[in-house]
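Numbering (this note's numbering), first residue to last: 36 to 219.
Shown next as structure tokens:
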């Protein structure tokens with residue numbers, strides 16, 4: 036296995052194995068590993084990959100891993116990064132499936148899950164604030180994430196919201212370019 040592929044597999048295996056709460060909760064650790072530690076992507080590239088991964092059908096964490104792997108090393112690296120992020124969950128789920136039936140009514144297990152739930156909420160909140168900072172959300176455009184959230188709550192698919200926001204941003208960029216060109 037090539038060094039980059041090995042690094043991708045191990046990095047995404049750690050991300051997949053040490054993050055509770057699913058794909059969104061992985062974002063801070065993924066950003067730390069991919070942007071800060073390995074410098075495979077810039078913050079801006081990472082945000083772009085997140086947007087594409089969110090709009091791509093499938094599991095968010097796998098989408099992130101495959102897009103990052105592909106961006107830094109091609110198709111093979113994308114597959115290897117995806118396998119890395121999936122591997123810990125697969126092993127853990129198999130182990131839980133084997134032994135959970137014995138402990139499902141255990142008071143201690145139930146209490147542990149009640150303690151984990153609020154921590155997962157915090158894990159999900161951190162990437163939201165980091166993404167807002169990286170995406171340059173200000174008081175003038177904060178309405179966009181709030182409106183998007185409301186639309187999702189009322190059943191609008193996130194893919195449609197991302198598509199509409201992308202088109203609106205493109206059109207806004209065109210009008211800004213026209214104004215700047217005519218001002219010169």
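Virtual Cβ for every residue (Gly too), placed ideally from N, Cα, C. Source: prediction; values computed, not measured.
* CB contact flag (residue 76, residue 41, <8 angstroms) -> No; because the gap between Cβ atoms is not below 8 angstroms, this pair is not in contact.
* To do: Give me the Cα-Cα distance between residue 208 and residue 97, rounded to the nearest whole angstrom.
  => 31 angstroms
* How many angstroms separate the CA atom of residue 124 from the CA atom of residue 51? -> Whole-angstrom Cα-Cα distance: 7 angstroms.
* **Helix, strand or coil at residue 55 [DSSP, three-state]** => Of the three classes helix, strand and coil, the one that applies to residue 55 here is coil, per DSSP.
* With a CB to CB cut of under 7 angstroms and the five nearest residues on each side skipped, what residues in its chain are close to residue 115? -> 40, 43, 44 and 104
* Asked: Going by the CB atoms, is the gap between residue 87 and residue 102 shorter than 8 angstroms?
  -> yes
* Which residue from 190, 183 and 195 puts its Cα closest to that of residue 92? -> 195
* Give a yes or no on whether the minimum CB-CB distance between residue 140 and chain D is below 8 angstroms. => As a matter of chain content, chain D is missing from the structure shown, which is built from one protein chain.
* Give me the Cβ distance between residue 82 and residue 99, rounded to the nearest whole Å; I'm assuming they're in contact under 8 angstroms. => Actually they are not in contact, since the Cβ atoms of residue 82 and residue 99 sit about 12 angstroms apart, beyond 8 angstroms.
* residue 89, DSSP secondary structure in three states -> helix
* Spatial distance of residue 20 from residue 168 (CA atoms) -> The chain is shown from 36 up to 219; residue 20 falls before or after that span and cannot be answered.
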